[in-house]
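A.B. asks: Per numbering that gives the first Met the number 0, residue 0 is the first one in the sequence shown, and the count goes up by one each step.
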Amino acid sequence: MTKYLLSAHSGEAPGAGTPMTPEEMQRVYEEVLALEAQMRETGTWVFGGRLHGVESATVVRQVDGRILTTDGPYVESKEHLGGFYVIEADDLDAALRWAGRVTSIVGAPIEVRPFAPQP
């Protein structure tokens, strides 16, 4: 089995649509919980999480031998990482099927990337 990162991207992308109503948010939340339960039941689930908004980001970098921190995201972008799952799947096709289920619920694009093998 290979581990895959399913990352959900959201933000101010063209066509992102209008904000959800509280009822729509509740429906999505319940569907996400049901999907996560299915991931656990099938042994697919490794880890997942939803992130706070990009305005909460702090960037840490080394400049001239000093560690500097700055507010805000690493890059200026209209889209940003909103949450992710780490799953285990037999192959890319299986990971893509899980990603398809996630995007159909949350309505955000899902990037699928395999983890590199550990040395």
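C-beta: ideal position from N, C-alpha, C; glycine also. Predicted model only: the values in this text are computed from it and were never measured.
Compute the Euclidean distance between the alpha carbons of L4 and A115, then round it to the nearest angstrom.
C.D. replies: About 11 Å.
A.B. asks: Once DSSP output is grouped into helix, strand and coil, what is the label at A33?
C.D. replies: A33 falls in the helix class under three-state DSSP.
A.B. asks: Given that a residue counts as buried once 16 or more other Cβ atoms are within 10 Å of its Cβ, and exposed if not, what is G14?
C.D. replies: Unreliable placement is indicated for G14, whose pLDDT of 45 sits below 50; the coordinate value is still reported in the next sentence. The residue in question, G14, is exposed, as its Cβ has fewer than 16 Cβ neighbours within 10 Å.
A.B. asks: Between W97 and V58, what straight-line distance do the alpha-carbon atoms span, to the nearest angstrom?
C.D. replies: In a straight line, the C-alpha of W97 is about 31 Å away from that of V58.
A.B. asks: Roughly how many whole angstroms lie between the Cα atoms of G52 and M0?
C.D. replies: Approximately 32 Å between the Cα atoms of the pair.
A.B. asks: With distances taken between CB atoms, is the gap from G81 to H8 smaller than 8 Å?
C.D. replies: Going by C-beta atoms, G81 is nearer than 8 Å to H8.
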